[in-house]
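Chains as they are written, first to last, in UniProt numbering: chain P, 1 to 559; chain H, 1 to 305; chain W, 1 to 314. Glycine is no exception: its CB is placed at the ideal position from the N, C-alpha and C atoms.
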Amino acid sequence: MSTSSAPQPAPPAPLVEVAGLRVRFGGRRAAPVVDGVSFSLARGECLGLVGESGSGKSVTARTLAGLTGQGAVVEYERLAFDGQDSGRFSESAWRSVRGARIGFVMQDALSSLDALRPVGREIAEPLRLHAPLTREQREEKVLALLESVGVPEPAFRAGQYPHELSGGLRQRALIASAIACDPDLVIADEPTTALDATVAAQVVELLQKVKTADRALLVISHDLAMVSRIADRVAVMRAGRIVEQGPTEEVLRRPSHPYTRELLAAVPSAASRGARLSPAPAPAARPRASTRSRQRPAPGTVLLRAADLTRSFTGADGVERRAVDGVSFTLAAGETLGIVGESGSGKTTTARIVLGLERTDAGTVALRDRPWSALSRAEQRDERRNLQVIHQDPLASFDPRHTVERVLAEALRVARVPRGPRRRERLLDLLDLVGLDAGMLRRRPAELSGGQRQRVAIARALAPEPEVVVCDEPVSALDVSVQARILDLLRDLQRDLGLAYLFISHDLGVVHHLSDRVLVMKDGAVVESGDVEDVFTRPAHPYTRTLLNAVPRLTTTGD
Amino acid sequence: MTIAPSVSDALPEPASAPPPGRARAASAAAWLRSRRPRVGTVLAVAFLVLLVVAALAPGLLTSQDPLAPGGGPGFLAPFRSPAHILGTDQDGRDLFSRLVHGTRASLEMGLGATAIAVTGGTVLGLLAGLGTRFTESLVMRLVDVVLAIPELLLALVVVALLGAGTVDALVAVGVATIPYYARMVRAQTHVVRRSAYVEAATALGLSRSAVIRRHVLPNAVRPLMVLAAIGTGTAIGVGASLSFIGLGAKPPAPEWGSMLSTAVPFISNDWALVALPGALITLTVLSVTVAGRALKRHSEGRTGR
Amino acid sequence: MRAARLARRLGWRALAGVGVMWGAATASFFTLHGTAGDAALSTVSGQGADPTRAVLDQVRRDYGLDHPLWRQYTDYLGRLLHGNLGESYQQRVPVTHAIAGQLGGTVELAAGAVVVALVLAVGVGVLTAKRRRRWIGAASSGGELVLASMPTFVIGLLLLLVFSIGLGWFPVSGQEGLRSLVLPTFTLALPVAAILAQVLRSELEDVLEQPFVLTARARGMRDAGVRFRHALRHALIPLVTMSGAVVGWLLGGAVVTESLFNRQGIGQLMLTATTNKDIPLVVGVIIFTSLVYVVVNLVVDVAYTLVDPRVVTL
Numbered sequence: 001m002s003t004s005s006a007p008q009p010a011p012p013a014p015l016v017e018v019a020g021l022r023v024r025f026g027g028r029r030a031a032p033v034v035d036g037v038s039f040s041l042a043r044g045e046c047l048g049l050v051g052e053s054g055s056g057k058s059v060t061a062r063t064l065a066g067l068t069g070q071g072a073v074v075e076y077e078r079l080a081f082d083g084q085d086s087g088r089f090s091e092s093a094w095r096s097v098r099g100a101r102i103g104f105v106m107q108d109a110l111s112s113l114d115a116l117r118p119v120g121r122e123i124a125e126p127l128r129l130h131a132p133l134t135r136e137q138r139e140e141k142v143l144a145l146l147e148s149v150g151v152p153e154p155a156f157r158a159g160q161y162p163h164e165l166s167g168g169l170r171q172r173a174l175i176a177s178a179i180a181c182d183p184d185l186v187i188a189d190e191p192t193t194a195l196d197a198t199v200a201a202q203v204v205e206l207l208q209k210v211k212t213a214d215r216a217l218l219v220i221s222h223d224l225a226m227v228s229r230i231a232d233r234v235a236v237m238r239a240g241r242i243v244e245q246g247p248t249e250e251v252l253r254r255p256s257h258p259y260t261r262e263l264l265a266a267v268p269s270a271a272s273r274g275a276r277l278s279p280a281p282a283p284a285a286r287p288r289a290s291t292r293s294r295q296r297p298a299p300g301t302v303l304l305r306a307a308d309l310t311r312s313f314t315g316a317d318g319v320e321r322r323a324v325d326g327v328s329f330t331l332a333a334g335e336t337l338g339i340v341g342e343s344g345s346g347k348t349t350t351a352r353i354v355l356g357l358e359r360t361d362a363g364t365v366a367l368r369d370r371p372w373s374a375l376s377r378a379e380q381r382d383e384r385r386n387l388q389v390i391h392q393d394p395l396a397s398f399d400p401r402h403t404v405e406r407v408l409a410e411a412l413r414v415a416r417v418p419r420g421p422r423r424r425e426r427l428l429d430l431l432d433l434v435g436l437d438a439g440m441l442r443r444r445p446a447e448l449s450g451g452q453r454q455r456v457a458i459a460r461a462l463a464p465e466p467e468v469v470v471c472d473e474p475v476s477a478l479d480v481s482v483q484a485r486i487l488d489l490l491r492d493l494q495r496d497l498g499l500a501y502l503f504i505s506h507d508l509g510v511v512h513h514l515s516d517r518v519l520v521m522k523d524g525a526v527v528e529s530g531d532v533e534d535v536f537t538r539p540a541h542p543y544t545r546t547l548l549n550a551v552p553r554l555t556t557t558g559d
Numbered sequence: 001m002t003i004a005p006s007v008s009d010a011l012p013e014p015a016s017a018p019p020p021g022r023a024r025a026a027s028a029a030a031w032l033r034s035r036r037p038r039v040g041t042v043l044a045v046a047f048l049v050l051l052v053v054a055a056l057a058p059g060l061l062t063s064q065d066p067l068a069p070g071g072g073p074g075f076l077a078p079f080r081s082p083a084h085i086l087g088t089d090q091d092g093r094d095l096f097s098r099l100v101h102g103t104r105a106s107l108e109m110g111l112g113a114t115a116i117a118v119t120g121g122t123v124l125g126l127l128a129g130l131g132t133r134f135t136e137s138l139v140m141r142l143v144d145v146v147l148a149i150p151e152l153l154l155a156l157v158v159v160a161l162l163g164a165g166t167v168d169a170l171v172a173v174g175v176a177t178i179p180y181y182a183r184m185v186r187a188q189t190h191v192v193r194r195s196a197y198v199e200a201a202t203a204l205g206l207s208r209s210a211v212i213r214r215h216v217l218p219n220a221v222r223p224l225m226v227l228a229a230i231g232t233g234t235a236i237g238v239g240a241s242l243s244f245i246g247l248g249a250k251p252p253a254p255e256w257g258s259m260l261s262t263a264v265p266f267i268s269n270d271w272a273l274v275a276l277p278g279a280l281i282t283l284t285v286l287s288v289t290v291a292g293r294a295l296k297r298h299s300e301g302r303t304g305r
Numbered sequence: 001m002r003a004a005r006l007a008r009r010l011g012w013r014a015l016a017g018v019g020v021m022w023g024a025a026t027a028s029f030f031t032l033h034g035t036a037g038d039a040a041l042s043t044v045s046g047q048g049a050d051p052t053r054a055v056l057d058q059v060r061r062d063y064g065l066d067h068p069l070w071r072q073y074t075d076y077l078g079r080l081l082h083g084n085l086g087e088s089y090q091q092r093v094p095v096t097h098a099i100a101g102q103l104g105g106t107v108e109l110a111a112g113a114v115v116v117a118l119v120l121a122v123g124v125g126v127l128t129a130k131r132r133r134r135w136i137g138a139a140s141s142g143g144e145l146v147l148a149s150m151p152t153f154v155i156g157l158l159l160l161l162v163f164s165i166g167l168g169w170f171p172v173s174g175q176e177g178l179r180s181l182v183l184p185t186f187t188l189a190l191p192v193a194a195i196l197a198q199v200l201r202s203e204l205e206d207v208l209e210q211p212f213v214l215t216a217r218a219r220g221m222r223d224a225g226v227r228f229r230h231a232l233r234h235a236l237i238p239l240v241t242m243s244g245a246v247v248g249w250l251l252g253g254a255v256v257t258e259s260l261f262n263r264q265g266i267g268q269l270m271l272t273a274t275t276n277k278d279i280p281l282v283v284g285v286i287i288f289t290s291l292v293y294v295v296v297n298l299v300v301d302v303a304y305t306l307v308d309p310r311v312v313t314l
């Protein structure tokens, strides 16, 4: 069976047909990862497969290209590519289809391109395998492809290695290699994840061009909003099943399945301000002043004052760059100050300076009008109890040897809670505060889910009864429904404990949802600041406008 | 063209619990798999226990004198005489007894040399990892110099200076392997010091000394134990090599390496005199390595990385 | 830009190499200094005479022991720079001559062993890593584990037992012709091959899981192409960084192998020098091997930057 023959007239049947697809790993009796999935995809159409991690969307996509993996058991009622039973393709038949008729854009361009080869050679690879071209013709074609995916200076870029390219250019190069042989089907797995919003918007534009009249596009993503920008139809996956599918507009406007509604409601945005994101009802307000050993500051008291923070680093190339450049702000009791910016904007360095983990070249950080630099080491340690932090990757922030109990006990030790029944009581209290039960105490963080880990991290941060909590991208590694629960928790805690948050995120929706005031950072400097509604609805700075335009928005949330 | 949504499974997910029961079942199976030791590990540990018995109480395994010559005819092949189950050597000594009595020397060599290496390596590694930049570069340049000299050749230098003998060989092997442990401890100390959990402890308000005591030291030294277990096997091999080239234990003392070296001239007469001690050395090193790797898997499994 | 950074990096490495050599020389000096007196005494008393004070003073002058320590040290470094490693107590010839005379045999042996070890390790690693039939990988990794656990002399004796005594294919010892080189070469190569194959396999199993490998398969590449064109280069990187250790294993193994097969070479030279307590010769061999180590590491560093483009820019 040869597929490299002359183009056939477009068949009436859809390009891809899947019915009753079931995939298991580890034997016929293992629980299926993909559990009865059915859909079809025609030329000129784009289907978005949306789901959270572990929903089986990537496995489904790989099965379409015969790349399910070793040890997979694939069952189906129908699995067809261009009218042929692709479930019965031999390995050599698959090889002539892959790359030639199905182009695959894998997740994470940096690790999906061979780090030891120039990108030009990676793009040329499918041509070398499938197209009868001479070396010169291939090189010409590679340049044309780079040009067509919007890579400037293609001749120069073709000779560069993946690590020398920016995230956006890498993603473009990967797409170029997928469309090199002009395939009938392009599968893109999380094509915009880990890209800055402005870059992601450009990649989405590129993907819109990849979908042509006689080519089908399958986009896989956790991001419903991004998919809604490209897809004609969406299928929502959960736990190996498609719970809902239909035209994009319809699914977004009138979601029929509760899970879809939950997903839509979970996305934080301007509209969700003040509302709960997760379906769980808000717990009753629990004022905890009684358990607090110190006086809570009156609302409006300025707790943290940063003035003219500046920090430069010398890069590997010997050039000095300003990571933070003259940043000033104040944070008052009970309020949330958001800092938004793309990667490299200096927001994390700012947080580290505030926490006293990084020095500042100029300027001061003052806690309750006492500058960090004026404090002795012991005083700094004391002051740290008032200023706690929640990281993006909680697992890395726990000692791998420690159980949850030891993690929290250490924090309470620092908070000078004496060993014994008092500490035990506070420990259970903390768990209760973040919605975990006592059964967690003996587990190690590595055994917990992402959401549970972040709850443990929050509990640890709350142990010394801080007034200010620095949240550095606390939800960016989480699935949207888990993110919703953590954001709700943070809001409840603020209400109950009167915490002030310095909330750092690249996600404008999250910041808009949670913050009272916001700083927009670019290249180390604050370009705009003010009340969150003012800044996000009437941006004064062109960069803020660019950021806001890049955010994919759900046109409607179903009610 | 659209297909009706499949059967609804609209279970409201419990707060941040891992999805359905199958995930829990799968992780339980993985848990069982990770706790159930492999067959090879069990065999290796059993063999090591046997070796320890042979080293501590050789009388339990054999009543023959390993040194008395003329206990039987020379070059008796294995399995010919019930009195000498593995036969006799060139001087008519019981081979089985000599092998059993040789265990102690090998284990002492392995454990002693490793103890020297681990102690020296830990001290130097921590000095470099926690000290000032100056101490660090001083220690590491020293380690570099020692690393530039092959292990066995360095052991030869020590023997040339101290003289040949079991204890000298032990010190020689120990000193020669210090740099590996020193490098490992230093590298690990750096990794741990830069880790997010050490920073988290600092941000929490722990003092520098508490951070080092509670987080840096235990995590920096922990992988060393695994490395030391595997290193013990290597040390046994190197020690036997030194004896084999005549710089360790001296014949007629029962030591596997020197037994082999005295057997070489008779290699065409009696294969068992060469094959059996050789097999025993190999099995010993192999068992230590297999057990060490099991330990490594176990410790990595606990951290979940 | 890239070339400049490469040059700077290599410059630093070369400087570090000089540092290592200086350290080795200093250590050698103190070793020699600490033992020179005894050695002087033993050379004199070795002639059967009862050494008088005058004779001993003469010996001290001959060895330069009457100079202040720093002077002796700088003199020693100066001699080293001119390639003078001193004179062997026992053989009464310059150490450099003694080494040069024995170099050929060891180079022959070690070069052969490197080639055999690499071919075996790469072949076995690439062909057996992550195969659909699990037993292929399990069997070969078991074999590697056994081989890596065998001290060199046990492997040598086993090879002798089977291929010389049993089958009679190769001579038991000696240094005539290629046939006499086969068993020593394999004796030296097998443990190294086993360790390299272990590293290569575990690395390949990691690499074959990487997204770029899946991407290559998604382009329609066949399995062999994926292994050789993409995965192998990545898996070779840790192997390249192990070259220094390999040099050490080969030189250490040469001592045992040459002794076992009764071959001339640096290993035998070192062994005789050790048993005779011929300290200048022992120290000379050590300085020589550190030089080999430093040079090999520099060469490897160049190779490394050629294999991995990330090294220089990162």
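Can you find a C-beta in chain H that's less than 8 Å from the C-beta of residue i?
i: Val327/P; result: no
i: His391/P; result: yes
i: Ile195/W; result: no
Quick one: what does DSSP say residue i is sitting in, helix, strand or coil?
i: Arg5/W; result: helix
i: Val172/W; result: coil
i: Leu273/H; result: helix
i: Gly44/P; result: coil
Can a CB atom of chain P be found closer than 8 Å to the CB of residue i?
i: Gly205/H; result: yes
i: Ser195/H; result: yes
i: Arg227/W; result: no
i: Asn219/H; result: yes
Got a sec: is the Cβ-Cβ distance from residue i to anything in chain W below 8 Å?
i: Pro223/H; result: no
Between the alpha carbons of residue i and residue j, how many angstroms are there, rounded?
i: Glu528/P; j: Pro542/P; result: 10 Å
i: Val251/P; j: Gln245/P; result: 7 Å
i: Met80/W; j: Asn276/W; result: In the sequence on display, residue 80/W carries Leu and not Met. One C-alpha to the other measures close to 23 Å.
i: Val210/P; j: Ala144/P; result: 15 Å
i: Ala23/H; j: Leu448/P; result: Note that Ala23/H scores 41 on pLDDT, short of 50, meaning its location in the model is unreliable; the coordinates nonetheless yield the value given after this. Straight-line Cα distance between these residues: approximately 12 Å.
Along chain W, which residues have their Cβ under 7 Å away from the Cβ of residue i?
i: Gly99/P; result: Ala218, Arg219 and Gly220
Going along chain H in order, which residues have a C-beta closer than 8 Å to the C-beta of residue i?
i: Leu355/P; result: Ala203
i: Val414/P; result: Leu204, Gly205 and Leu206
Assign residue i to one of two classes, buried (16 or more other C-beta atoms within 10 Å of its C-beta) or exposed (fewer than that).
i: Asn219/H; result: buried
i: Asp432/P; result: exposed
i: Val234/P; result: buried
i: Met225/H; result: exposed
Applying a beta-carbon distance threshold of less than 8 Å, which residues of chain W neighbour residue i?
i: Pro66/H; result: None at all; the shortest Cβ gap to chain W is about 21 Å.
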